[in-house]
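Participant: Okay, here's the structure, questions in a sec.
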Amino acid sequence: MAITLKRQLDDNEKQKILERHGRGCFATGHPIAQGEALHFDHIRAFAHDGPSELDNIAPMCEMHNKQKGTLPLEDFRVSLRLKQFFSEGDGLTLRHLLAHLQKNKDLKNFGQQVAVHQANGEAVIETGSEKFACAVHKCPTTGWQYFYATLPVEILNSDDEDEERIGLQPRYLVFDKVFALYRHFLRHPVLQPSIGRVNKNHIVIFDGQHKIAALLWTGRRSFECKIYIEPQLRLLNETNIAAHDTFSQMRFFASVMVARLGSEFGADFEKYKNLEDGAIKSEAGFMKYLDRVDGQALTRAERNKRFRSYLYNSVLQSQENKLSNYVSKGNRSSDEKPLTIDVLTKSIFSSFLYTQPVEDNMATDAYKRDKEIDNVVALMNMIHDLALGFWNPKVGKNDETQRRLMRLFGSKSMMSWSELLKDAICARLEIFSEEDRVRPFYRELSPIEQGKIKTILSRLVNFKIWKSPSDSEVDRVLSDNKSAVKDWLKKQGLDIGYLLGASQ
């Protein structure tokens, strides 16, 4: 759903915008052919302090206008460029991003050599063209010396391991984190500096790379930093690893889901990951490890609940998930947000998201959590595109589309049709074994299989009973318990046969 302009543009205004921007799509810069539809939207959303004057409006093609959803053009353009960067491979760090920006001429240079020496209680930093001094501070615990400074990107790099040095950077960049921080820093200040060290005439960053990465996309080219001068590497490395209990990502586990698991369980997962016991590292192994560890603050039930929350959040916090905009943060739905996490856990998640820890080795391709989360997000996006994206509480239940959606997304209704949808999808994809049926999306799905799922979902959304007039029997039944609702829907013809193509 694109952002709606406060008013419609007339032809003269559209021509002025085209004279300013050219007949190119603002999102990618590609030309829009004559005869192809032109769309106009806000560069910065007027709902977020962006004006609706002509200088805040740009043209875009129809395809990207549909893809961008509710994002303003500027944010959508950055998301596309970020995706292009992350498509370059796995295990990307700030160093790779700096090189990417330099290659695309968005950055002149980075990682230049510096000379750092101390004089009169100050650290003097010399580059090829500048010289400046900063007050030196001393850590009361370790005695290490450090300074604070706002440093240009030209003299910064990531603290990665290579042939010449040991690196302290414990994690890789994560798309969701970088993009979320980018949007955050468009409106909010930076509260904490990034942290680095002086290493052989270079200043390298080992903490706060996501922060710098996000700020780079906002146009920032200088960054607040805390720089250690001659720290003891082993202790600093231990300190850094222990501190990374949010969005942590380990060198030997490239999976985004492993990173999020580390984020959820912090230091406990870090210790488990580093165990040298010869056993494979798995979700199930980690949860069993927690059972053995003394001094656990949480009970087993609380840990299991936390594990499920990690899975739910991985779906709902995905930047790709269009349906998350319709999910209430509280326990109650609202006119604008008709879904709740509670209803999702009893419908979509209970049918398509396997919430038990798996035994698969997290360091191998057998581990499919990333694929499962992507598949659930893809299903929710289909639900958005085919149905809930048309949600409009302002028109009321007398509107046929809104009345249909209110019935389709009632709590008992969702719990009922989710199970039918799962059964139909398993049948169409020939998922027959009980082990596979309990986790139908824990696999890679081809575009053809995704298309089959969308066809089934389309038949569900367009089932005749949802379109019944107001105050029909369906409205009374949908307030009943789930079993009664499911049985009644089957009697009306909403069964696996119909979803797979039988006539109503």
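The sequence shown begins at 61 in our numbering and counts up by one.
For every residue, glycine included, the Cβ atom is placed at its ideal position computed from N, Cα and C.
Going along the chain, which unbroken runs of the beta strand (DSSP E) with 3 or more residues stay wholly within the segment 317-377?
Facilitator: Fully enclosed beta strand (DSSP E) runs of 3 or longer: not present.
Participant: Looking at the secondary structure, which residues open and close the beta strand (DSSP E) in which R257 lies?
Facilitator: First-last of the beta strand (DSSP E) with R257: 254-258.
Participant: Identify the residues that DSSP records as bridge partners of V196: which are they?
Facilitator: According to DSSP, which records beta bridges pairwise, V196 is partnered with F207.
Participant: On the CB-based measure, 16 or more other CB atoms within 10 Å of its CB, does T210 come out buried or exposed?
Facilitator: With fewer than 16 Cβ atoms within 10 Å of its Cβ, T210 is classed as exposed.
Participant: Alpha carbon to alpha carbon, what distance is there between C194 and E186?
Facilitator: Between E186 and C194, the C-alpha separation is close to 11 angstroms.
Participant: Determine the closest residue to R488 out of S506, R464, I516, M422, with distance taken between C-alpha atoms.
Facilitator: Ranking S506, R464, I516, M422 by Cα distance to R488 puts I516 first.
Participant: Given this structure, state the Cα-to-Cα distance separating E79 from V437, to the nearest angstrom.
Facilitator: If you take the alpha carbons of E79 and V437, they lie about 39 angstroms apart.
Participant: Rounding to the nearest angstrom, what Cα-Cα distance links D547 and T461 in this structure?
Facilitator: Looking at the two C-alpha atoms, the distance is approximately 24 angstroms.
Participant: P507 and F412 - do their beta-carbons sit closer together than 9 angstroms?
Facilitator: No.
Participant: Could you check which residue in L481, S478, P453, Y288 has the C-alpha nearest to that of V176?
Facilitator: Here the closest residue by C-alpha is Y288.
Participant: Are the segment 340-357 and the segment 450-460 touching by the rule of at least three beta carbon pairs closer than 8 angstroms?
Facilitator: Counting Cβ pairs under 8 angstroms, fewer than three are found: no touch.
Participant: What's the gap between the Cα of N116 and the Cα of S378?
Facilitator: Computed Cα separation, rounded: 28 angstroms.
Participant: Does the structure place the segment 140-147 close enough to the segment 227-238 that three or more beta carbon pairs sit under 8 angstroms?
Facilitator: Contact holds: three or more Cβ-Cβ distances are below 8 angstroms.
Participant: Could you tell me whether the segment 190-204 touches the segment 239-252, where touching means 3 or more Cβ pairs closer than 8 angstroms?
Facilitator: Touching, no, given that fewer than three Cβ pairs across the two stretches are closer than 8 angstroms.
Participant: Please report how far the alpha carbon of N261 lies from the alpha carbon of N217, in whole angstroms.
Facilitator: Straight-line Cα distance between these residues: approximately 12 angstroms.
Participant: Identify whether Y288 lies in helix, strand or coil by the three-state DSSP scheme.
Facilitator: Three-state DSSP puts Y288 in a strand.
Participant: Check the C-beta distance from E432 over to Y502 and give it rounded, since I have them as a contact under 8 angstroms.
Facilitator: Contact flag correct, Cβ pair sits at about 5 angstroms.
Participant: Rank Y386, N391, V455, A426 by C-alpha distance to the C-alpha of I443 and give the top, closest one.
Facilitator: Measuring from the Cα of I443, the nearest candidate turns out to be Y386.
Participant: Using a C-beta cutoff of 9 angstroms, does T88 count as contacting chain D?
Facilitator: Here there is only one protein chain, and chain D is not present.
Participant: Since M422 is in the alpha helix (DSSP H), which residue starts that stretch and which ends it?
Facilitator: M422 -> no alpha helix (DSSP H), and no H or E assigned at all.
Participant: Just the Cα atoms here: how many angstroms apart are G338 and N169?
Facilitator: Between G338 and N169, the C-alpha separation is close to 44 angstroms.
Participant: Would you tell me roughly how many angstroms separate the C-alpha atoms of H99 and A544, rounded to the nearest one?
Facilitator: Straight-line Cα distance between these residues: approximately 47 angstroms.
Participant: From this set, A118, A274, S532, which residue's C-alpha is nearest R463's C-alpha?
Facilitator: Of the candidates A118, A274, S532, the one whose C-alpha sits nearest the C-alpha of R463 is S532.
Participant: Along the chain, where does the beta strand (DSSP E) containing E182 start, and where does it finish?
Facilitator: That run of the beta strand (DSSP E) goes 182-186.
Participant: In chain order, what residues of the same chain have a beta carbon less than 8 angstroms from the beta carbon of S518, not counting five sequence neighbours either side?
Facilitator: Contacts found: L446.
Participant: Enumerate in chain order the residues of its own chain whose CB-to-CB distance from K457 is below 7 angstroms, with the five nearest sequence positions on each side excluded.
Facilitator: Result list for K457: R463, M466, S530, in chain order.
Participant: Which whole-angstrom value is the C-beta distance of L439 and I491, which I expect to be below 8 angstroms?
Facilitator: Contact doesn't hold; Cβ gap of about 14 angstroms is too wide.
Participant: What is the DSSP secondary structure of S478, reduced to helix, strand or coil?
Facilitator: The answer is helix: DSSP assigns S478 an H, G or I state.
Participant: On the three-state DSSP scale, how would you describe H99?
Facilitator: Reduced to three states, the DSSP call for H99 is strand.
Participant: What does a CB cutoff of less than 8 angstroms around R243 pick up in its chain, not counting 5 residues either side in sequence?
Facilitator: So the qualifying residues of the chain are D135.
Participant: Can you give the Cα-Cα distance for E190 and A183, rounded to whole angstroms?
Facilitator: So the alpha carbons of these two residues sit roughly 14 angstroms apart.
Participant: Which residues in the same chain as Q173 place their Cβ atom closer than 6 angstroms to its Cβ, once the five residues preceding and following it in sequence are excluded?
Facilitator: Answer for Q173: N261, listed in chain order.
Participant: Taking all protein chains shown into account, decide if L383 is buried (16 or more other Cβ within 10 angstroms of its Cβ) or exposed.
Facilitator: Looking at its Cβ environment, which holds 16 or more other Cβ atoms inside 10 Å, L383 is buried.
Participant: Check this for me: beta carbons of L399 and S388, under 9 angstroms apart or not?
Facilitator: Contact flag set, yes.
Participant: If F266 sits next to L228, beta carbons under 8 angstroms apart, how far is it from one beta carbon to the other, in whole angstroms?
Facilitator: Indeed they touch by this definition, with Cβ atoms about 4 angstroms apart.
Participant: Can you pull the DSSP bridge partners for G151?
Facilitator: According to DSSP, which records beta bridges pairwise, G151 is partnered with nothing at all.
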